[in-house]
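In the UniProt record's numbering, the protein residues as written are 1 to 628.
Following this line, the structure appears as structure tokens:
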């Protein structure tokens, strides 16, 4: 079989070049993380080999012990990180190192500010990985061979991080990957045995396979042996009382590929009908691929400390996809496959238990550390709103964790819980009222809120795109039904006084003949026209049926190519408004039709909808204004 041995030079993907430039210039105060990231990648490569070897023992090539080696050469001014893991072939090298195949990359690049401190935090959200080598090196050489391939299929990758890299096929006797960092002139601090050992024990002590460095004798001279630097035992298997917060945080940075400390974590051992250990983390910031629902990299699954797979979507529902951590089972077979996971009762039990632990952790945070919980909600609140529709069994618990903006605060910050709302409900109020809109401003200024403001009734202001999905699945809380102020007949319970009812009836009586005229003028555009009980200042508003989607959402779906059934709204008019009284005085049918169309169009605009004939709207508006 012929092997492609030619050497080629390629350009980095644009985003990679920008990321390299940023890291080299922004992470000057955190240089040592390069070793943490390279060791983490090496550990992942060993884990992947161990998993693939469960079904193909030949991949081990007669070398059963997996390990990572770290060494340095003072004269050559190099640091070498070597593993005997899965390795890569030529195409994998080009794909994994030449490009960033990750959702949200362009958004990441667009948010860079030029402020090194702020940008360093953005890098943390993105994950630094292999490219961190260029923080301390002006040239990096990677040599690798995929397990199961013959020695002549080795690959060498070389780059100085300036915008291009070279790839060539070489001989490599052993499987795995070797990364050689040619250090910059001012990075001699890392050419030191104790400095490197300190970094390894600080960041990688928890990795459950040995990290070795060349041994030394009493005089500090090499003795020809390799010493294991880390404890090489799985952190999650140790008792909680023996693990420090710093160790928990260091392990999170490894398993979460994050730059920052976690917001919170929960470590549990379950015994009884099934046995497993879970160590689950809540990140401080949202990753950039949070909205890629198909991107699953949160939970690593182990069986008896043997890595089985990551991307274990069966262990955590989609609405908790931000959770990072490990689950280690004592009951599952070592050769478990993804297909078996789909119908395994033990997995179902671990998933249910893990979800309860995460929700319990969040409940405790919300009750005892509200500021920290607000940090969590600002980062992950929109994802949590997917929960009631996805996880019926935990709907009530999830509902207690939800936060919203409301007319009570008037601010866009989502700080109001449903329990807060219920505690402030007016006497006689039977529903939890809300409104959905395309923005907080649109919700806050909606004409549907006028009567609620007049009576001091709080309304939740829902302006996230996911909110329409949320309210379609969350129908009640604490025995109170959720009701849109913009859909269906208005029901204010016992909050309306007899005096207010009589005033409404008197206003309607004055223009009682107006409704059929408006409906006739609008013909097929409306389902019905009726007097409104929800308006005090505006002349009219659009009201949808209980099950209709908000106008702005209908517009978004249509723009996305979705075919939606034709629906006609109800037009509600305010009988006490001067414009409605003026229409009642209009005798010219053509002018009345213009007034009716204008009324309908402005009601649609107020709801965030789009007009089918904006030019006609402008023409009618100008004609009516100029006519006095």
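Don't be surprised by glycine CBs; every beta carbon is placed ideally from N, CA and C. Remember, it's a predicted structure, so these values are computed and weren't measured experimentally.
For residue j and residue i, the rounded distance between their alpha carbons
| i | j | result |
| --- | --- | --- |
| residue 137 | residue 80 | 11 Å |
| residue 629 | residue 393 | Examination of residue 629 is not possible in this model, given that the chain is present from 1 through 628 alone. |
| residue 433 | residue 424 | 12 Å |
| residue 8 | residue 92 | 15 Å |
| residue 274 | residue 330 | 8 Å |
| residue 417 | residue 470 | 14 Å |
| residue 12 | residue 141 | 15 Å |
| residue 235 | residue 245 | 12 Å |
| residue 152 | residue 132 | 29 Å |
| residue 280 | residue 612 | 51 Å |
| residue 610 | residue 259 | 44 Å |
| residue 407 | residue 527 | 30 Å |
| residue 130 | residue 97 | 8 Å |
| residue 103 | residue 593 | Reliability fails at residue 103, whose pLDDT of 37 lies under 50, so the model's placement of it is uncertain and no value is given. |
| residue 591 | residue 507 | 23 Å |
| residue 282 | residue 30 | 23 Å |
| residue 126 | residue 210 | Only weak support exists for where residue 126 lies, its pLDDT of 46 falling under 50; the coordinates are left without a value. |
| residue 349 | residue 387 | 19 Å |
| residue 101 | residue 95 | Residue placement at residue 101 cannot be trusted, given a pLDDT of 39 that sits under 50; the coordinates are not used to answer. |
| residue 306 | residue 56 | 16 Å |
| residue 32 | residue 180 | 16 Å |
| residue 391 | residue 352 | 10 Å |
| residue 121 | residue 247 | Interpretation of residue 121 is limited by its pLDDT of 49, a score under 50 that renders its predicted location unreliable; no figure is taken from the coordinates. |
CB-CB length for residue i against residue j, believed under 8 Å
| i | j | result |
| --- | --- | --- |
| residue 475 | residue 481 | 6 Å |
| residue 560 | residue 603 | In fact, because the Cβ distance is near 25 Å, the residues do not count as touching under 8 Å. |
| residue 148 | residue 42 | Actually they are not in contact, since the Cβ atoms of residue 148 and residue 42 sit about 18 Å apart, beyond 8 Å. |
| residue 286 | residue 404 | The pair is not a contact, with the Cβ atoms about 19 Å apart (cut-off 8 Å). |
| residue 401 | residue 371 | Not really, about 16 Å apart at Cβ, beyond 8 Å. |
| residue 365 | residue 264 | 6 Å |
| residue 87 | residue 176 | 5 Å |
| residue 77 | residue 191 | 7 Å |
Exposure of residue i, with buried meaning 16 or more beta-carbon neighbours within 10 Å
| i | result |
| --- | --- |
| residue 607 | buried |
| residue 554 | buried |
| residue 635 | Since the first residue of the chain shown is 1 and the last is 628, residue 635 is not available in this structure. |
| residue 582 | exposed |
| residue 6 | exposed |
| residue 587 | exposed |
| residue 67 | buried |
| residue 625 | exposed |
| residue 414 | buried |
| residue 223 | exposed |
| residue 564 | exposed |
Best match in the options for proximity to residue i [C-alpha to C-alpha]
| i | options | result |
| --- | --- | --- |
| residue 427 | 590, 223, 497 | 497 |
| residue 204 | 501, 20, 44, 376 | 44 |
| residue 537 | 169, 367, 447, 459 | 447 |
| residue 389 | 355, 364, 468 | 468 |
| residue 451 | 186, 504, 144 | 504 |
| residue 318 | 36, 483, 382, 30 | 382 |
| residue 344 | 361, 354, 314, 323 | 314 |
| residue 510 | 486, 584, 209 | 584 |
| residue 309 | 321, 326, 320, 322 | 326 |
| residue 139 | 146, 456, 150, 161 | 161 |
| residue 491 | 499, 465, 534 | 534 |
| residue 212 | 199, 218, 599 | 199 |
| residue 630 | 368, 595, 268, 143 | A question about residue 630 goes unanswered here, because the residues of the chain that appear run from 1 up to 628. |
| residue 298 | 580, 354, 332 | 354 |
| residue 360 | 442, 266, 597 | 266 |
| residue 221 | 208, 193, 501, 61 | 193 |
| residue 422 | 435, 437, 478 | 478 |
Residue range of the alpha helix (DSSP H) that includes residue i
| i | result |
| --- | --- |
| residue 622 | 614 to 626 |
| residue 201 | 193 to 203 |
| residue 137 | Note, residue 137: premise wrong, no alpha helix (DSSP H); beta strand (DSSP E) at 137 to 145. |
| residue 501 | 498 to 510 |
| residue 471 | 467 to 473 |
| residue 605 | 589 to 606 |
| residue 11 | Where residue 11 is concerned, there is no enclosing alpha helix (DSSP H), although the beta strand (DSSP E) it sits in stretches over 8 to 11. |
| residue 540 | Segment 540 to 543 is the beta strand (DSSP E) holding residue 540; no alpha helix (DSSP H) there. |
| residue 441 | 440 to 444 |
| residue 50 | 33 to 53 |
Continuous beta strand (DSSP E) stretch holding residue i: start and end
| i | result |
| --- | --- |
| residue 165 | 164 to 170 |
| residue 71 | 68 to 73 |
| residue 383 | That residue, residue 383, is in no beta strand (DSSP E); its alpha helix (DSSP H) goes 370 to 384. |
| residue 159 | 154 to 159 |
| residue 325 | 324 to 329 |
| residue 276 | 276 to 282 |
| residue 309 | 306 to 309 |
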